[in-house]
Amino acid sequence: MSNKNIISRILEKKNGLPKKQRIFCDFVIENFRNIGLDGVSEMAEKAGVGNTTVLRAVKNLGYSNFNDFKKEIHALSIDSRVPKWWNFDQSEEKIGGGRESNIERIWDEINVLQRISLDDFLIEGIEETVELIISSETTHVFGLRTSRVAAIYFENLINQFYPKVNQLSYEPYFIMDRLYHMKKGDVVVIIALSPFTQLSYQAAKYCKELGHPIILITDDENNSLKAFASIVLKTIRHDEHYTMVPLISLIETITVMLGKHMKNDSQKKLEKIGQLLVEKNITTI
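The numbers in the working numbering rise by one with no breaks, and the one at position 271 of the sequence shown is 319.
In structure tokens:
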């Protein structure tokens, strides 16, 4: 048995399973927070499949018995309900050394995350993201809670020279309405840092049903929105406190690469906008 999270295991294997087992897998991905104490028959009934289908799916996912499967669901559901945002109770050994050394350590740790986030998979994902944005009619961006800040930043950066980005984060209660009116050729960027919201999950699921490609930006390898995404961009998160540094670096890299693909056109637009802002006394030189 590997140390993979159950969601990662399902995402990796479910497409190779029979139809009814895939239905059960999709049910688990969507409802794992609420089924950790259910038995075989309860899960089967809720998923709309038979008991045998559940047991066969569990076996095909690599579990020797249903109890092991159930325990992992239960453990994941508990962990997902108690997200770690900040850990101020660090050991004295790690904290020791005075205020200045603590500041330097925290600063260094955050910047290390930025460096180690950039691997071959992320580089490939960035290239695919830029190509997909360029080929799309409109790029819609959606993020809630702290991810909303990043979504708005993403929109503001790109719209300076590529005004084809639409922000969906301002009115989350209208998200389904906005998604319904999307046109063929549109793409959605969903930023869902851990812990992501249920509404983000439902939005991603609905986009998938409509056939729109999704670019998912996350810091969680086991983010269940991955099941709906065409491209997944994953950064590394800190074990002890929340940080958006790797995410901001990712957003800025995508922006620069998009500008480079547009070459002189994007540069000319930025220069004209800069001149306009100075002329209108909005900014200074």
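Glycine is no exception: its CB is placed at the ideal position from the N, C-alpha and C atoms. All of these numbers come straight from a predicted model, not from anything done at the bench.
{"Check": "Under 8 Å between C-beta atoms of P220 and L247", "Outcome": "yes"}
{"Check": "The region 251-261 touching the region 225-238, judged by at least three CB pairs closer than 8 Å", "Outcome": "yes"}
{"Check": "Burial state of N63, where buried means 16 or more other Cβ atoms lie within 10 Å", "Outcome": "exposed"}
{"Check": "Cβ neighbour criterion (16 or more within 10 Å) applied to R196", "Outcome": "buried"}
{"Check": "Buried or exposed (CB count within 10 angstroms, at least 16 for buried), V304", "Outcome": "exposed"}
{"Check": "Through-space distance from S149 to A251, alpha-carbon basis", "Outcome": "43 Å"}
{"Check": "Counted within 10 angstroms of its Cβ, other Cβ atoms place F222 as buried (16 or more) or exposed", "Outcome": "exposed"}
{"Check": "For G191, the three-state DSSP class (helix, strand or coil)", "Outcome": "strand"}
{"Check": "T266 (DSSP reduced to helix, strand or coil)", "Outcome": "strand"}
{"Check": "Contact test: E90 Cβ vs the ligand ATP heavy atom, cutoff 7 Å", "Outcome": "The ligand ATP is not part of this structure, which contains no ligands at all."}
{"Check": "Spatial distance of K107 from K119 (CA atoms)", "Outcome": "15 Å"}
{"Check": "R153 to E93 span [Cα, whole Å]", "Outcome": "51 Å"}
{"Check": "Start-end ranges of the alpha helix (DSSP H) lying completely within the region 55-114, minimum 4 residues", "Outcome": "67-79, 88-95, 99-108"}
{"Check": "According to DSSP, residues forming a beta bridge with K282", "Outcome": "T266"}
{"Check": "Alpha helix (DSSP H) segment containing Q215, residue limits", "Outcome": "No alpha helix (DSSP H) holds Q215; the beta strand (DSSP E) holding it covers 213-215."}
{"Check": "Contact set for R129: own chain, Cβ-Cβ below 6 Å, skip 5 residues either direction", "Outcome": "With a pLDDT of 48 at R129, under the threshold of 50, the modelled position of that residue is not reliable, and the figure given next carries that caveat. So no residue of the chain qualifies."}
{"Check": "Check whether Q215 and I200 have beta carbons under 8 Å apart", "Outcome": "yes"}
{"Check": "Distance, S183 Cα to S56 Cα", "Outcome": "30 Å"}
{"Check": "Simplified DSSP state of K320, which is helix, strand or coil", "Outcome": "helix"}
{"Check": "C-alpha gap between S272 and G307, whole angstroms", "Outcome": "31 Å"}
{"Check": "DSSP bridge partner residues for V235 (one or two, in chain order)", "Outcome": "T187"}
{"Check": "Through-space distance from I151 to K61, alpha-carbon basis", "Outcome": "43 Å"}
{"Check": "Within 8 Å, strictly: CB atoms of L161 and V293", "Outcome": "yes"}
{"Check": "Beta-carbon contacts of L298 that lie in its chain and below 8 Å, excluding the five residues immediately before and after", "Outcome": "S165, L170, I174, I265, L281, T283"}
{"Check": "CB of S278 within 8 Å of CB of I262, strictly", "Outcome": "yes"}
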